[in-house]
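Undergrad: Numbering (this note's numbering), first residue to last: 19 to 327. For each residue, glycine too, the CB sits at the ideal point set by N, CA and C. Structure provided below as structure tokens; questions to follow.
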């Protein structure tokens, strides 16, 4: 079991996953929060003054070694569809192996936030994570691999924010498409699962957990259920494959122009695969891990509306 003296490192700590995980950790452990930008560092230092906030480039092996110095556990979240995502994962694992080999080391656990169904090699970002998983399993470290489905929050939270203004016509568009049939996970469920794995530690060594809150559902049906819950009509704006890739790149990198070429390749492969097959999984493992029912669309939307008050 983890203790309050443990130093837990969280990478990409200012992102969507980190924002739901860190609040569950910061009163229980010493934290080292790793970010890429100075703006993120400033924001997290203000939000968590007792935490150590470090700006680092995970593509640099020496930076990875530095951020794991003295660590007990690491929760590694990789930058999405990054051109060097695989190498970054390798760097973090290599750094953890070096840390664990120190005579006085207390390093005990490497938690990797991967993605559901890394076997789907036609998507470059899944293939990158598949390689990282293999490297981690072969490393000799005590590990847990979390494989979350699509983030429900990322897809629908803007509709909740806009729904309070009755003059705004709600419109949904997504890089994944309304006819894509996929599974979803809420960031709340994912954050709780991650915190439980960190806290219970040994119980989850050498484990791989697919994490799904909502079983396979067409996005069109998910939009309908959201509309019924918030009592608003939501128009669905369908996009071409190129428009979906542009939309995904803009979500992640801020603009199409700022997207690296190899990241663009990954985005295009992803949206094409989703158009035909989606990303599907089962919620049983997450519910076992949490010890409760996973969050459905209606509960998520109701909670979001309450939080907006």
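1) Of the residues 44, 38 and 33, which one's Cα is nearest the Cα of residue 26?
2) May I have a chain-ordered list of the beta strand (DSSP E) segments no shorter than 3 residues that lie completely inside the region 169-246?
3) Considering only residues of the same chain and omitting the five flanking positions on each side of residue 181, which have a CB-CB separation below 7 Å?
4) Just curious, the alpha helix (DSSP H) that residue 117 is in, first and last residue?
5) Which residues in the same chain as residue 136 place their Cβ atom closer than 8 Å to its Cβ, once the five residues preceding and following it in sequence are excluded?
6) Taking residue 226 as the reference, which of 168, 160, 288 and 193 has the closest Cα?
7) With DSSP collapsed to three states, give me the class of residue 38.
8) For residue 162, which three-state DSSP category applies?
9) Select from 321, 57 and 210 the residue whose C-alpha is nearest the C-alpha of residue 41.
10) If we ignore side chains and look at the alpha-carbon of each, how far apart do residue 99 and residue 266 end up?
11) My output table needs one value for residue 86: the three-state DSSP class, helix, strand or coil.
12) In the DSSP output, which residue or residues are listed as bridge partners for residue 279?
13) Do you know how far the Cα of residue 119 is from the Cα of residue 28?
14) Whose C-beta lies closer than 8 Å to the C-beta of residue 207 among residues of the same chain, with five residues either side of it excluded?
15) Could you tell me if residue 103 is buried or exposed, where buried requires 16 or more neighbouring beta carbons within 10 angstroms of its beta carbon?
16) Provide the residue(s) that pair with residue 49 in DSSP beta bridges, ordered along the chain.
17) Can you look up residue 69 in the DSSP assignment and give me helix, strand or coil?
18) Looking at the secondary structure, which residues open and close the alpha helix (DSSP H) in which residue 94 lies?
19) Roughly how many angstroms separate the alpha carbons of residue 237 and residue 124, rounded to a whole number?
20) Determine the extent of the beta strand (DSSP E) in which residue 130 is found, giving its start and end residues.
21) Please say whether residue 24 and residue 114 have beta carbons closer to each other than 8 Å?
22) Would you kindly report the start and end of the unbroken alpha helix (DSSP H) that includes residue 155?
23) So the alpha helix (DSSP H) residue 405 belongs to, where does it begin and stop?
24) Near residue 262, which residues of its chain fall below 6 Å by C-beta distance, leaving aside the five closest residues on each side in sequence?
TA: The relevant details are as follows:
1) Here the question's residue 26 lines up with position 8 in the chain shown. Looking at the Cα atoms, 44 is the closest of the given residues.
2) Counting only runs of 3+ residues, the beta strand (DSSP E) found wholly inside the region 169-246 occupies 188-190, 199-203, 225-229 and 232-236, in chain order.
3) Taking the first residue of the chain shown as position 1, residue 181 is located at position 163. The beta carbon of residue 181 sits closer than 7 Å to the beta carbons of 188, 248 and 250 from its chain, once the five residues preceding and following it are set aside; these are given in chain order.
4) Locating residue 117 in the chain shown gives position 99, where the first residue counts as 1. It spans 103-119 - the alpha helix (DSSP H) in which residue 117 sits, taken as one unbroken run.
5) Here residue 136 corresponds to residue number 118 of the chain shown, with the count starting at 1. Non-local C-beta neighbours of residue 136 in its own chain, meaning closer than 8 Å and more than five positions away in sequence, comprise 144, 145, 147, 148, 151 and 165, ordered along the chain.
6) Taking the first residue of the chain shown as position 1, residue 226 is located at position 208. Closest option to residue 226, Cα to Cα, is 160.
7) Position 20 of the chain shown, counted from the first residue, corresponds to residue 38. Residue 38 carries a helical assignment under DSSP once its states are collapsed to helix, strand and coil.
8) As a first step, residue 162 is located in the chain shown; it is residue number 144 there, counting from the start. In the structure shown, residue 162 sits in a strand (DSSP, three-state: E or B).
9) Within the chain shown, residue 41 is the residue found at index 23, counting from 1. Distances from the CA of residue 41 to each of 321, 57 and 210 were compared; the closest alpha carbon is that of 210.
10) Position 81 of the chain shown, counting from 1, holds the residue named residue 99. Position 248 of the chain shown, counting from 1, holds the residue named residue 266. Rounded to whole angstroms, residue 99 to residue 266 spans 10 Å at the Cα level.
11) Start at 1 with the first residue of the chain shown, and residue 86 comes out as number 68. When secondary structure is reduced to three states using DSSP, residue 86 falls in the coil class, being assigned neither helix nor strand.
12) Against the chain shown, residue 279 aligns to sequence position 261. Per DSSP, residue 279 has no beta bridge partner at all.
13) Position 10 of the chain shown holds residue 28. Position 101 of the chain shown holds residue 119. Straight-line Cα distance between these residues: approximately 20 Å.
14) Working through the chain shown from its first residue, we reach residue 207 at position 189. Only residues of its own chain outside the window of five on either side were considered, and among them 229, 231, 304, 308, 312 and 313 have a CB closer than 8 Å to the CB of residue 207, listed in chain order.
15) On the chain shown, position 85 is the one that residue 103 refers to. Buried, since its Cβ has 16 or more Cβ neighbours within 10 Å.
16) Stepping through the chain shown from its first residue, residue 49 is reached at position 31. Answer by DSSP bridge pairing, in chain order: 26.
17) Translated into the one-based positions of the chain shown, residue 69 becomes position 51. Residue 69 falls in the coil class under three-state DSSP.
18) Working through the chain shown from its first residue, we reach residue 94 at position 76. Element bounds for residue 94: not the alpha helix (DSSP H) but the beta strand (DSSP E), 91-95.
19) Working through the chain shown from its first residue, we reach residue 237 at position 219. Working through the chain shown from its first residue, we reach residue 124 at position 106. Rounded to the nearest angstrom, the two C-alpha atoms are 45 Å apart.
20) If you number the chain shown from 1, residue 130 lands on position 112. Here the beta strand (DSSP E) through residue 130 covers 127-131.
21) To locate residue 114, count along the chain shown from 1; it is residue 96. To locate residue 24, count along the chain shown from 1; it is residue 6. The Cβ atoms of residue 114 and residue 24 do not sit closer than 8 Å to each other.
22) As a first step, residue 155 is located in the chain shown; it is residue number 137 there, counting from the start. Secondary structure note for residue 155: its alpha helix (DSSP H) is the uninterrupted segment 142-155.
23) Because the chain spans 19 through 327 in this model, residue 405 falls outside it and cannot be assessed.
24) Walking along the chain shown from the start, residue 262 turns up at place 244. Once the five neighbours on either side are set aside, the close Cβ partners of residue 262 are 193 and 289.
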